[in-house]
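Presented below is the structure to which this report refers.
Laid out in structure tokens, this is it:
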């Protein structure tokens, strides 16, 4: 074996030398040609310089690749002596520990073999797998990045706009709108006006979901059915299924039939049909899809209704991801509202408020979504009939004189009668005509509603009767040439598309997104990207647990050989109900005042209780499924009524910091189970917390495992302390794609000395018999096989970063704080970020500690408000490829406004200050720092990733929770960690934001080299394969479980949920259980699950720019394809490709049909089991 490795190294060196000779020959030849053509124009010279630079980079990349090969061979050589490959077949349980080991001197040794403790054999891949990364990215992302987008491109538009805000008169953010009387009335086409009644019902804001339902929403629905049923011309649209589903449960059979009739005759339209009107900045595409599926499947199962149009009027900024997802669901038309006032003004000036919203990764109409953007300030009645709000307010007929709701302009609504109808109709029609000239057609959409409107019979009657009189009068005046009526979104878009076809109206395309949103002046709604980060992180935890529970639950369903789950004593119905409840609570929190953190404190706590309860329910589903899968003997009925596994992660509370789970080893042997929900094998350093340091761990083959036993570091009021009763136990583990592996943990008399790390610190006491040495007096380096990191001896903070044998990058991490601007008792709040100036440092660290062991080296830096932790993994595997950064932020006692950021300052020379952030984890969009914008206007949402790059380096920051990000200076990235504000920003929530909870932000930092950088013309960037895999690892960590006290378990060593591995760039978004259709008179809140599952797959578009290949274990076996048969065997009865939310059937496939996705595809496959 070693001879083979030496031969491989020799061949590699030869290849490198030949490549270098060819490259330098080309450089010399090209240089001579350049000298000979010195008289050519400047453009050719520039092109030549670029080629030379590219060749130089290739030579540098080859040199770095050689260093990596040498490093890999070294690590393989070191580890081979004590490692044997894992067997492919993993069905038999190994002999018990007692039969294999004995205790000698407090340390467990093999009785006869006397082997040393070993790390799992993590770094070899089975020979049948092909490395696919080069094949995957070639010809996709890097070529696609050059796509030129016609029409309106949002980043280009930002370059053009001045972002001033001159007074436009009655339309403050516009201009004095006029229309040509000679082209209106009988001199022009008929103006078709569709007035659309609606009620925006927030499922939580200043009241909880339940409070809003009881106080308002139930009355809206009850009066809606009664009024629409007796008024055939009345119309209404509604969006949030969370409330609609709650109300439906309370209806009797006759009332349900009335609702069905209203939907069938078109008086009532469900728009979007999602569970909520989701936030589009913080939400991850997993959760966005899940809440869409939940809402659409509820509609399908209970009403047989299919939504056709999308309605998003209140989310604070809009993402191209949401437009794409609803389009994939079968929805073709969108209506949106909250867009920066300068953007609205520009689009109105070119009559571009209706456009085809195009995705950045293609330049054809395949994924275009037709979009209507409302032009004015708000979606309320004063800002929807036309440009003058003081006039429009007079046509909100519940704002009559003496009403509890008044018009701010002092002119109340007047009931319509014969004495005023001519004047009132003419005034309203004038607003309609001014509104209409901002669009290209003669069809006009006018919303008629606001928050929690049409609560009772009086409002329905008042609004309808007065508008009916106005419409009848307008339509009777032939010289006015207007056709005004109540309508739905479907009525409007149907009429518009008919007119478009008839008159061949051409609409522009628009690409990009609508962040960041400002509603007036310099009031940018970017604070909510970070507000209440504790709950934002909790949402990501629940999403991870739902996905993990769905995958293992449906994997059981897929392997039962024709038996139902109930036949084998598995409590499937109860667990499925828990899953549905968890889905709906996750969906509820996607609401634009939920995950945004913009509700009152008690409402956020109500959300928190729902999230925590759902996390616990998902843990039950996973634990019971693991027991069923892994138990050596068939489970007995009484076994499956008891959850025998705990989760070794965190204990969550709604109003207190989470706490680490500490495993009690003193009580006896513990079985540990680890579950990988990703479709890629992972070699990672796993860490648990125990109540003693003298422990020993055994792998699935009963081999002792090398560990690192380190102190548990806990934040204190001024820094941190070392726990005297809790210890961190870490080891390297390899877990197959969609696999489970078992370890056993046992206490021993004393820890083995080789497991203890060295400690160096400032003002630290001892730990486990190991004294803390003095802190280094010079800058020090930590290194693994990929990275070399230099830390300051003064601050303990990172100073420089490089690849091993690579060029060094200056890189500093800093913690700073923004103070809030105080403007007449208004400043930063839940929505707005209004800084008084640049951020200032938070101070000097109080405590420093370096833990340096065989598996990882960790630096702890303790500030008054932040505990900063940087971990460099040394064990060869996937976790070694990213630098882990954890920041525990505690500003609960701050008396000043305090908005904490982590700033990374590097020598990555992105001099144009372009950077990339993700949109909902689905795509990376280019941003740019603009001096013409205020500081806060340069912050953008970062749900999961951001990067900066130049021709030499790419620096990627991956995040485990959403937040705000900016690049305010060349080479810098900063992310906001937490916010505390003592003032309200006057956007409706009506309270300060001082309910902070200490919590830990989690990031992964990647340095990648290689060229060329993303094309300058590109408006979309792409992660590398390494970046994509590391992001998945951060968002979907391995599940840790251990046997409960007094619960004996007898598990097999390992298991795998699917029969095949996946291509490296395929991701399982979800493997979701399917609910049965409901009878119209059913009283069950959750129906039974079907013998079906839906597999949702995504293939991201990735770039080849990265210099390091991912160490995730993935790729299909040679000469094979991904099929339902290869994944599930002969259990598949039927496979159907559907629309994203399963409302539309696309194709019926056979089990042998290859499942193929193009880059950026998201596809749903409904599988029916035998």
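In UniProt numbering, the protein residues as written are 1 to 1170.
Glycine included, C-beta positions come from ideal geometry on N, C-alpha and C.
From a predicted model like this one, the values you see are computed outputs, not experimental measurements.
- With three or more CB-CB distances shorter than 8 Å, the stretch 681-692 counts as touching the stretch 1023-1042.
- The beta carbon of residue 720 lies closer than 7 Å to those of 713, 714, 847, 860, 862, 867 in the same chain, with the five residues before and after it left out.
- Residue 636 is classed as exposed because its beta carbon has fewer than 16 other beta carbons within 10 Å across all chains shown.
- In the DSSP assignment, residue 583 falls within the alpha helix (DSSP H) that extends over 572-589.
- Taking a cut-off of 8 Å on C-beta distances, the stretch 908-925 touches the stretch 961-975, as three or more cross pairs fall below it.
- In the DSSP assignment, residue 737 falls outside any beta strand (DSSP E) and carries neither an H nor an E.
- CA-CA distance, residue 402 to residue 412, rounds to 9 Å.
- Annotated as proximal: residue 152 and residue 355, with beta-carbon spacing under 9 Å.
- Per DSSP, reduced to three states, the secondary structure at residue 275 is coil, with no helix or strand assignment.
- A residue is called buried when at least 16 other Cβ atoms come within 10 angstroms of its Cβ; residue 614 meets this threshold and is buried.
- Beta-bridge analysis with DSSP links residue 762 to 848.
- Residue 924: not part of any alpha helix (DSSP H); member of the beta strand (DSSP E) spanning 923-928, first to last residue.
- Residue 463 counts as buried, since at least 16 other C-beta atoms from the protein chains shown sit within 10 angstroms of its C-beta.
- With 16 or more other CB atoms across the displayed protein chains lying within 10 angstroms of its CB, residue 1100 is buried.
- With respect to the 9 Å criterion, residue 778 and residue 793 are classified as neighbours on the basis of their beta carbons.
- Three or more beta-carbon pairs separated by less than 8 Å are not found between the stretch 260-267 and the stretch 238-248, which leaves the two stretches without contact.
- Three or more beta-carbon pairs separated by less than 8 Å link the stretch 993-1003 to the stretch 517-534, which places the two stretches in contact.
- Here the C-alpha atom of residue 398 lies approximately 21 Å from the C-alpha atom of residue 202.
- Straight across, the Cα-Cα distance linking residue 365 with residue 916 is about 25 Å.
- Sequence-distant Cβ neighbours of residue 1085 in its own chain, meaning closer than 7 Å and more than five residues away, are 249.
- Boundaries for residue 245: no beta strand (DSSP E) harbours it, while the alpha helix (DSSP H) harbouring it runs 241-248, taken from the DSSP string.
- Inter-residue distance for residue 834 and residue 528 is about 12 Å (C-alpha atoms, whole angstroms).
- Measuring C-alpha to C-alpha distances from residue 162 to each of 937, 964, 1076 identifies 937 as the nearest.
- Bridge pairing for residue 197: 448 [DSSP].
- It is roughly 7 Å from the alpha-carbon of residue 496 to the alpha-carbon of residue 441.
- Inter-residue distance for residue 1109 and residue 1027 is about 10 Å (C-alpha atoms, whole angstroms).
- For residue 1113, the beta-bridge partners assigned by DSSP are 681.
- Judged by their CB atoms, residue 1066 and residue 1098 are nearer to each other than the 9 Å cut-off.
- In the three-state scheme derived from DSSP, where H, G and I count as helix and E and B as strand, residue 941 is classed as strand.
- Counting along the chain, no alpha helix (DSSP H) covers residue 915; the unbroken beta strand (DSSP E) around it starts and ends at 914-919.
- Straight across, the Cα-Cα distance linking residue 1059 with residue 1068 is about 15 Å.
- DSSP places residue 898 in the uninterrupted beta strand (DSSP E) bounded by 898-906.
- Within 10 angstroms of the beta-carbon of residue 404 lie fewer than 16 other beta-carbons, which makes it exposed.
- In the three-state reduction of the DSSP assignment, residue 311 falls in the strand class, which pools E and B.
- Taken in chain order, the complete beta strand (DSSP E) segments of 3 or more residues contained in the stretch 613-693 are 645-647, 670-675, 682-690.
- Between residue 570 and residue 589, the gap from beta carbon to beta carbon reaches 9 Å or more.
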